[in-house]
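Colleague:
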Ligand code: HEM
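Written as structure tokens, this is what we have:
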């Protein structure tokens, strides 16, 4: 009969075997995170080591976009949720180790509605990239490139993506709740969170423009339809026609929890600047969206972006570069990671 120590060493063996099997995909703690020196991101980071990288990722994103256009919003949101928790280090992609009590980020409550298509995009792209440039490209960079590809495929701007991110090893569900904004957040709350990531008021308004496509579940806005902020009334800042149609899909009680509504009623799959015009017309879906129009600090920019698509596209490209750099350019975060390197999922 095997002793407890031999059974634990055989389970260790099994775990290392499983890890070896999955190390080339993004659900495992990735090998490219081993170096601890600070890094500068650059557009030509892989120019020598994987020159065809963007073409490889592009072949996956264009195919996925044809087969399932929801892959676009899914991947951009995935990138946002990755960057806001532990920085842009692909920690959102790590799976909880079977049997572990510590849940990984992706299993946090706030990440339950991240669509599978975003994860699938990165996993397919990573497999292709690994087959051509083994052990070179981080999952975090692949996610950043894929997000940009989808913005462009859906009609938005094409911007160069700086690369050189490391993949993180720490992924904890407990870090998620206070780092991801909620649908009922006021501007003060949204601003506080964005500021804590080094993002300014303008970035908040501009990045929220990603809600120009994609969908939200009823639970994210149902209180606006019936009992807004503790009243027994709907949100007065919602157009009555939108209110009526959303109420049909989302009853106050007993609705189907899978039902979603488009952020942009007119062009739900197009990346354009309609989001801002919608806010002006009281057609924002989440309270956090509509608040951008009611708050005097953010309203002037909402009005400007609603009038000027090019301005939005330029500002969005710049803001995505800023968001894509969270936690990757300074040495501080590496120190933090080393301190906690025993805290793995
Ligand atoms: C500013 C504060 C923000 C709040 C409160 C917020 C909240 C939400 C919520 C509640 C959903 C719906 C989730 C669901 O029901 O499935 C959602 C979806 C989405 N968010 Fe945000 N978000 C914010 C900022 C951002 C940013 C900065 C980005 C990207 C740059 C982003 C991209 C998206 C996209 C593309 C979707 C649609 C996802 C899909 O259809 O699969 N959001 N967001």
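Residue numbers (this note's numbering): 44 to 388.
C-beta: ideal position from N, C-alpha, C; glycine also.
1) Is DSSP giving residue 217 helix, strand or coil here?
2) Give the DSSP-derived three-state secondary structure of residue 288 in the structure shown.
3) What's the call for residue 143, buried or exposed, on a 16-neighbour Cβ count within 10 Å?
4) Name the one or two DSSP bridge partners that residue 206 has.
5) Assuming residue 124 contacts residue 137 under a Cβ cut-off of 8 angstroms, what Cβ separation, rounded to an integer in Å, is found between them?
6) Does the beta-carbon of residue 362 have 16 or more other beta-carbons within 10 angstroms, so that it is buried, or is it exposed?
7) Distance, Cα to Cα, residue 162 vs residue 121?
8) Determine, using beta carbons only, whether residue 187 and residue 367 come nearer to each other than 7 angstroms.
9) What does the alpha-carbon distance come out to for the pair residue 171 and residue 195?
10) Measuring straight from C-alpha to C-alpha, what distance separates residue 132 and residue 214?
11) Does the pairing of the region 234 to 248 with the region 330 to 341 give three or more beta-carbon distances under 8 angstroms?
12) Going along the chain, which residues of its own chain have a beta-carbon closer than 6 angstroms to the beta-carbon of residue 349, five neighbours each way excluded?
13) Leaving aside the five residues before and after residue 344 along the sequence, list all residues of the same chain whose C-beta is less than 6 angstroms from its C-beta, in chain order.
14) Just how far apart, CA to CA, sit residue 297 and residue 270?
15) Give me the Cα-Cα distance between residue 205 and residue 313, rounded to the nearest whole angstrom.
16) Should residue 275 go down as buried or exposed, given a rule of 16 or more other Cβ atoms within 10 Å for buried?
17) How about residue 168: is its Cβ closer than 6 angstroms to a heavy atom in the ligand HEM?
18) Taking DSSP as the reference, what is the three-state secondary structure of residue 77?
19) Verify the contact flag: residue 263, CB atom, against every heavy atom of the ligand HEM, threshold strictly below 6 angstroms.
20) Given residue 76, which residues of its chain have a CB within under 7 angstroms of its CB, disregarding the five upstream and five downstream residues?
21) DSSP on residue 124, reduced to helix/strand/coil?
22) In the DSSP assignment, the alpha helix (DSSP H) including residue 195 goes from what residue to what residue?
23) Let's test the definition: count the other Cβ atoms within 10 Å of the Cβ of residue 369 and tell me whether it reaches 16, buried, or not, exposed.
24) Can you look up residue 133 in the DSSP assignment and give me helix, strand or coil?
25) Counting pairs of beta carbons, one from the region 219 to 238 and one from the region 326 to 337, are three or more of them closer than 8 angstroms?
26) Ignore the nearest five residues each way along the sequence and tell me which others in residue 115's own chain have a CB closer than 8 angstroms to its CB.
27) Is residue 257 near the ligand HEM, with its Cβ less than 6 angstroms from a heavy atom?
28) What are the start and end residues of the beta strand (DSSP E) that includes residue 390?
29) Run through the region 236 to 292 for me and flag every whole alpha helix (DSSP H) of 4 or more residues, listed as ranges in chain order.
Modeller: Reading it off the structure:
1) helix
2) helix
3) exposed
4) 85
5) Incorrect: roughly 13 angstroms between the Cβ atoms, too far for contact.
6) buried
7) 8 angstroms
8) yes
9) 21 angstroms
10) 10 angstroms
11) yes
12) 319, 320, 323
13) 248
14) 16 angstroms
15) 25 angstroms
16) exposed
17) no
18) At residue 77, the pLDDT of 43 sits below 50, so the modelled position is not reliable; the number obtained from the coordinates is stated separately. Looking at residue 77 - three-state DSSP - the assignment turns out to be coil, as it is neither helix nor strand.
19) yes
20) Bear in mind that a pLDDT of 44 at residue 76, under 50, signals an unreliable position, so the model cannot answer this.
21) helix
22) 182 to 196
23) buried
24) coil
25) yes
26) 108, 193, 194, 196, 197, 256, 257, 312, 314
27) yes
28) Since the first and last residues shown for the chain are 44 and 388, residue 390 lies out of range.
29) 244 to 250, 265 to 269, 283 to 292
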